[in-house]
Amino acid sequence: MTRYAVLLRGVNVGGHRRVPMARLRQVMTAAGLENPATLLAWGNLLVSSEGEASHVKSVAESAMADAFGFSVDTVVFTQEALLHAGEACPFPDTSPVAIAFCSGRIDHDAHTRLLALAVPGEDVAVMGEFAYLRLGRGQGSSKLAAGVSRALVPLVTTVRNLATSTKLAHA
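Just so we're aligned: the sequence shown equals residues 411 to 581 in my numbering.
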């Protein structure tokens, strides 16, 4: 049995696309995913499954569309992959850092688009399906953080700060 992190994109932000975490756990159990757990209210879900990540993604997205009445894009990684992603972070612990989790490998052109968004004090490092974002003054005021999903289209991308990513890896 593999433990997966299912990261929901764009839920519980700004008063719309509400996905209550208690209801999400019920929906995932009913869909056949085991031991659902949530972390915070921003769409961080952990489940166990014998299936591959693609199966977990399909089941989770279908169940959420049925239960909540709208589609929710997700990215799915093993909990072990999250642990490795956090350990591979190239930026020091003293700076605000976030990780963009993507549905596929980030190519050179997408990396270039991310770098173009960074202002002095910000930086980007790309490793496979992860983009590490050093955010200088923090995520809330960063053009880089605000534009990461658009810069990485057509990949589905969702961003978590390093602390949340670490908590998910160890939950």
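All C-beta atoms, glycine included, are put in the ideal place defined by N, C-alpha and C.
Since we're looking at a predicted model, the values are computed, not measured.
Proximity test, Asp503 beta-carbon vs the ligand MG heavy atom, cut-off 7 Å: Absence of the ligand MG is noted for the structure shown, with no ligands found whatsoever.
Check whether Cys512 and Thr567 have beta carbons under 8 Å apart: If you number the sequence shown from 1, residue 512 lands on position 102. If you number the sequence shown from 1, residue 567 lands on position 157. In contact: Cys512 and Thr567 (Cβ atoms closer than 8 Å).
Cβ pair Ala579, Gly496 closer than 8 Å: Within the sequence shown, numbered from 1, the residue matching residue 579 stands at position 169. Within the sequence shown, numbered from 1, the residue matching residue 496 stands at position 86. Yes, the Cβ-Cβ distance between Ala579 and Gly496 is below 8 Å.
Chain-order list of residues whose beta-carbon lies under 7 Å from that of Val457 (same chain, five-residue window excluded): Counted from its first residue, the sequence shown places residue 457 at position 47. Short of 7 Å from the beta carbon of Val457, and not among the five residues preceding or following it, lie these beta carbons of its own chain, in chain order: Tyr414, Val416, Met438, Leu443, Glu444, Asn445, Pro446, Val466.
Contact between the segment 486-493 and the segment 517-530 (3+ Cβ pairs under 8 Å): No contact exists between the segment 486-493 and the segment 517-530.
Whole-number beta carbon distance between Ser464 and Thr412, since they are thought to touch under 8 Å: Here residue 412 refers to the residue found at position 2 of the sequence shown. Here residue 464 refers to the residue found at position 54 of the sequence shown. Contact doesn't hold; Cβ gap of about 12 Å is too wide.
Unbroken stretches of the alpha helix (DSSP H), 4 residues or longer, contained in the segment 470-497: Segments of the alpha helix (DSSP H) lying fully in the segment 470-497: 489-497.
Buried or exposed by the 16-neighbour rule on C-beta atoms within 10 Å, applied to Ser551: As a working note, residue 551 is residue 141 in the sequence shown. Residue burial annotation: Ser551 is exposed, with fewer than 16 other C-beta atoms found within 10 angstroms of its C-beta.
CB of Arg419 within 8 Å of CB of Asp483, strictly: Against the sequence shown, residue 419 aligns to sequence position 9. Against the sequence shown, residue 483 aligns to sequence position 73. Yes, Cβ-Cβ distance for Arg419 and Asp483 is below 8 Å.
Exposed unless 16 or more other CB atoms sit within 10 angstroms - verdict on Ser481: Here the question's residue 481 lines up with position 71 in the sequence shown. Its Cβ having fewer than 16 others within 10 Å, Ser481 is exposed.
From Val563, Ala556, Pro564, Ala561, residue whose alpha carbon lies closest to that of Arg570: For the purposes of this step, residue 570 is identified with residue 160 of the sequence shown, where counting begins at 1. With distances taken between Cα atoms, Arg570 lies closest to Ala556.
Among Gly479, Val534, Ala440, nearest to Val558 - alpha-carbon criterion: Translated into positions along the sequence shown, residue 558 becomes position 148. With distances taken between Cα atoms, Val558 lies closest to Val534.
Buried or exposed (CB count within 10 angstroms, at least 16 for buried), Pro506: Here residue 506 refers to the residue found at position 96 of the sequence shown. Buried.
For Met431: DSSP bridge partner residues: Here residue 431 is taken as the residue at index 21 of the sequence shown, counted from 1. Answer is none; Met431 lacks a bridge partner.
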